[in-house]
Amino acid sequence: MPRLGIWLVSACVSAFALGLPGAQRACATEDAARLQNDEALDRRARERLHSGDFAFCSSTNYRLWRDDKRELCAQKPALLADCPGLQLACQRPAWEDEAPDKDESPSWLGSLLDKLGIAGDVFARILFWALLVVGLAWLVRLWAKRFAARQTVSVVEIPTSELPPTPLSFEGDDRSAAELFAAARAMLETGAIREALHLLYRTTMVHLAENQLIVVHKSKTTRDYVAELPESVRREVRDLALSLDEQRFRPETPMESAARSLLARFSELPILPSATSQAARSARPLPVLLLLLLALGGCSDLELPEDPVAHRGPRGFGLFEELVSENAESMSKQIRRVSSVDEETTTVISLSTPLVTFDWNVLHDWVESGGHLVVVEPNPEFAKVFDLDAKSEECGAPLLAPELRVRSVGPLRGFVAKRPEGAALASCGSKVVADVSVYGEGWVTRVASRSLFENRALGVADNASLALGLADVDGASVQLFGPWTGEGAHHPLESLRRAGLGTWAAHVMVLLGLYALARGRRFGSPQDERTSARRAFVEHAEALGAQYARASASAFSLSRYAEWTREILRKRVASREDTPRSLARASTKNDAQATELSRCLALARTASELGETEKQHLERFRVLERAVAGTRSR
Amino acid sequence: MDTAEFKQKFDRAVDEVASVVLGQRDVVEHALLAAISGGHVLLEGVPGLGKTLLVRALSQVLGCSFNRIQFTPDLMPSDVTGGNVFNQKSGDFEFIPGPVFTQLLLADEINRAPAKTQSSLLEAMQERAVTTDGVTRALPMPFLVLATQNPLESQGTYPLPEAQLDRFLLKVNVAYPAFEVEKALLHAYVAGFDPQVLTLARVLSVDDLVAMRQAASDVAVDHSILDYITRLVLATRDHKSIDVGASPRASVGLLVTARTQAASQGRNFVVPDDVKTLARSILRHRIVLYPDAELEGISPDDVIASILVETSVPGGVA
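One line per chain: the protein sequences are V and D, in this order. Read in order, the letters of the first sequence are residues 491 to 1124 in the working numbering. Read in order, the letters of the second sequence are residues 2 to 319 in the working numbering.
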């Protein structure tokens, strides 16, 4: 323990115990040294409290719970002077008393729902979940469609052979339908009618693809495209495409008039103009996206009021945590169950932590080896393990601490019984609120009241100096235990859920998914196709086995296995004869097994002629397998 | 005969056969296309799907003579082709024609007979003639073999050799009928339908068949279509899953059948759809897959599908 204060307290406690003269006066001085008034610290605590991070002090919309309101609003002007939010909150009804005022819901949806009352609240919640479900369903549908579309194009790689280019091939031509149509008209004007018709066919299909009615592919024919079309346009498009096919592939040169007629028919197709249609289709996800966003923004006011014991709530420990972090050499929070204390830790502060016997045992060993434990509102398990009284009761007298001007905010508690070996650090009337005592090679500081460390208390008078003095964190490596200890999430999703972000995260995921689909492949970076790895031997064996199973060839495989077994046994047992009987005798331990194996070896070779069932074949397999396994060590 | 008349007769014949062979219109069309194109058909499907009924119905509609051979492991070549038998009265050998001497031959479960017997059909199918004891005898015209084989039973069967498979113009897979079709079939039986007593109208004559074959041979084929056919067949020889690709006989078969198909649609020119529609039936029995591909469960149809996907159609959209 490098810190001087602790050594002084230790010396003081020893002097008391030995009844040395002048101990009381000397120790009063040493206690005062630990609980020094640090005006800068108190000022910093107040500034932090009023900075805006602590909503109960700064937010103009904050509403208090009934107990907090009673306790906080009675602090005039100590706490309220610099807390405009708290002043306003004191004028509003508590959460339990009546519904929020209309002007407390700043969003348009909140205002609207206020007008609608409970029905509006229910409506908003239904809307929230319905949109989430609809979004998810839509996402699944889109993905399923894409997957199905991908499946329809079977990919079996064909080595490219050196062939001349395909005649009438348009590969690599990525012109739009409008450009192709213009090109077809221009081609027709030049007299190249068949080429113009090929272009018009391509125009038609690209136009349909732009309207997401079909997916074009180099291998698709008119029949394939027509099959993809919806009923509403199938007939007219099919007639046009078949007419184009007729003109394109007929032996006679197409008539110019027929080509012009086909151009006109294309123009009259009952499909939206591509640009409009495409924009409309690509914008299809937008309404849902907007609704989801509105729901996200609008529902933000529907959350429950802040928990008073939340980290930065009136009764939270957020400010104390910040002050410890600033003054200590290092600070860490214990999230998991207590199985050990970090090696570099010099001080453990337990803020009203519901630890169990096992945890206290760990801390007990650690304190005995020289650690400093500050335990706030100790529980009965602590009393049992440390053999220190932990009973406390409410105290109506003012809070007193040497050299400090302190004031309690909220209920103050004091220990029922005084400890003769303990040095009191703070008291109320005749009760000790905090004391410190030597324990093994370490020290234990008991504090009966958690309210000394709460956010609402630290901004008042010299309370911050008192809290930091009790914790004695100057230059210490602190490990902070609190209500959070032993309640760590096991996985990230649980963390999200605990933070109340589960549904919001789901909404965001759905939004991202829809956005990705709306953007198409450009959303993600392109990746190479996965190449199939070399197959393992076992996969070949399984495939071959499956082939045999399909062909009902169990008799054949049994006969092959019997041959193999015979060969293996002959090698392993080194029998002179290789008749089934002699092999079986040499391979097994008793006559019954030998007879069975001999029979199996003899019959399995001719299994296909016996007309036995697959089950019988399997039994013979097992017998042979056992025989092989039984001779493995030879 | 012009293509309009061709289409009319073709449709009538198909309608007539399809009136008793319910739910198998595609199969009927393929069989008739083969008959007009002068090719033989291999029908593959489980027993009981109406393959024999189809052939009998087709023989009535075409007005052809009909014989059936049930292929069994002990069937001898002479049981198919016939042979010389000593006539005690005349004191001389006399040729007794086998069931192959017919216009429409149903070779039922052809893969149940050993290769020796199967090969007795080789000459008949390709040369339309049978040679016994050095004497070649022509078969009646038209001569059409419709063979069936069962895909499930691999034991006790003898797979057809590639040479024989190549003789079949089309291999058609006969599938189970859909619910509605099967129900309609039962309704027909309730109404008194007897498959043993077929009374179908004779829609086509032998002369009609000859005229239709001539009309089909007049159907125009664009050079881009020929290019497409060539690419498809060449792709089967380059494919990584195929050990033995399709022969030039496949190219010719695809061309001839595509022409007949175009005529059956009332066109005097072939479009890519005609080729693509028939590619599976023409190619599936003419390719031999590598054992690796078979072990991976890839079927010839899968490979042909991939070839069709990879091959650009003429005038298509990339």
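Note that the Cβ used here is the ideal one computed from N, Cα and C, for glycine as well. These numbers come from a predicted model, not from an experiment.
So, with DSSP's three-state summary, where would you put residue i?
{"i": "Y929(V)", "result": "strand"}
{"i": "I683(V)", "result": "helix"}
{"i": "G625(V)", "result": "helix"}
{"i": "A913(V)", "result": "strand"}
{"i": "Q150(D)", "result": "strand"}
{"i": "A125(D)", "result": "helix"}
{"i": "K921(V)", "result": "strand"}
{"i": "E669(V)", "result": "helix"}
{"i": "M821(V)", "result": "strand"}
{"i": "P804(V)", "result": "coil"}
{"i": "S709(V)", "result": "coil"}
{"i": "Q104(D)", "result": "coil"}
{"i": "Q1037(V)", "result": "helix"}
{"i": "A609(V)", "result": "helix"}
{"i": "P115(D)", "result": "coil"}
{"i": "Q1083(V)", "result": "helix"}
{"i": "H697(V)", "result": "helix"}
{"i": "R560(V)", "result": "helix"}
{"i": "A1074(V)", "result": "helix"}
{"i": "L759(V)", "result": "coil"}
{"i": "V799(V)", "result": "coil"}
{"i": "E867(V)", "result": "coil"}
{"i": "H286(D)", "result": "coil"}
{"i": "D93(D)", "result": "strand"}
{"i": "D832(V)", "result": "coil"}
{"i": "F7(D)", "result": "helix"}
{"i": "S939(V)", "result": "coil"}
{"i": "L554(V)", "result": "coil"}
Suppose contacts are defined by Cβ-Cβ distances below 8 Å. Is residue i in contact with residue j by that definition?
{"i": "F810(V)", "j": "A938(V)", "result": "no"}
{"i": "N945(V)", "j": "F544(V)", "result": "yes"}
{"i": "F905(V)", "j": "D879(V)", "result": "yes"}
{"i": "L970(V)", "j": "K823(V)", "result": "yes"}
{"i": "P141(D)", "j": "T200(D)", "result": "no"}
{"i": "L279(D)", "j": "V62(D)", "result": "no"}
{"i": "E561(V)", "j": "V899(V)", "result": "yes"}
{"i": "S935(V)", "j": "V864(V)", "result": "Inspection of the sequence shows that residue 935(V) is occupied by Thr rather than by Ser. Cβ distance < 8 Å, so T935(V) and V864(V) count as in contact."}
{"i": "E871(V)", "j": "L845(V)", "result": "yes"}
{"i": "V852(V)", "j": "V831(V)", "result": "yes"}
{"i": "A216(D)", "j": "A264(D)", "result": "yes"}
{"i": "V222(D)", "j": "L256(D)", "result": "yes"}
{"i": "G46(D)", "j": "N174(D)", "result": "yes"}
How about residue i: is its Cβ closer than 7 Å to a heavy atom in the ligand FAD?
{"i": "V271(D)", "result": "For the ligand FAD, the structure offers nothing, since it holds no ligand at all."}
Assuming residue i is part of the alpha helix (DSSP H), what are its boundary residues?
{"i": "G575(V)", "result": "P574 to Q581"}
{"i": "P292(D)", "result": "P292 to L296"}
{"i": "E1109(V)", "result": "E1104 to G1120"}
{"i": "D664(V)", "result": "Counting along the chain, D664(V) falls outside any alpha helix (DSSP H), and DSSP gives it neither H nor E."}
{"i": "H31(D)", "result": "R26 to S38"}
Counting along the chain, where does the beta strand (DSSP E) carrying residue i start and finish?
{"i": "E884(V)", "result": "S882 to E884"}
{"i": "I83(D)", "result": "One detail in the question is off: residue 83(D) reads as Gly in this sequence, not Ile. First-last of the beta strand (DSSP E) with G83(D): G83 to N88."}
{"i": "A139(D)", "result": "V136 to A139"}
{"i": "T837(V)", "result": "T837 to L841"}
{"i": "G904(V)", "result": "R903 to F905"}
{"i": "A130(D)", "result": "A130 to T133"}
Select from the region 278-301 of chain D all residues with a C-beta closer than 8 Å to any C-beta belonging to chain V, and list them in chain order.
T278, E295, L296, E297, G298 and I299
I'd like the ranges of any alpha helix (DSSP H) spanning at least 4 consecutive residues and lying wholly in the region 40-79 of chain D.
52-63
Interface positions of the region 725-756 of chain V facing chain D (Cβ-Cβ less than 8 Å), listed along the chain
D735, E736, R738, F739, R740 and P741
Can you list the alpha helix (DSSP H) stretches of 4 or more residues lying completely in the region 168-213 of chain D, in chain order?
180-191
Residues in the region 664-698 of chain V having any Cβ partner in chain D nearer than 7 Å:
H688, Y691, R692, M695 and V696
The region 1092-1124 of chain V: which residues have C-beta closer than 7 Å to a C-beta of chain D, in chain order?
none
Contact list for the region 703-721 of chain V against chain D, Cβ threshold 9 Å:
V706, H707, K708, S709, K710, T711, T712, R713, D714 and Y715
As an exercise, report each continuous alpha helix (DSSP H) stretch of at least 4 residues that is fully enclosed by the region 720-753 of chain V, in chain order.
721-739
When you check each C-beta in the region 255-276 of chain D against every C-beta of chain V, which residues fall closer than 8 Å?
R268, N269, F270, V271, V272, P273 and D274
Which residues, in order along the region 609-639 of chain V, keep a beta-carbon less than 8 Å from a beta-carbon of chain D?
none
Pull out every residue of the region 1028-1039 of chain V whose Cβ sits closer than 7 Å to any Cβ of chain D, in chain order.
H1030, A1033, L1034 and Q1037
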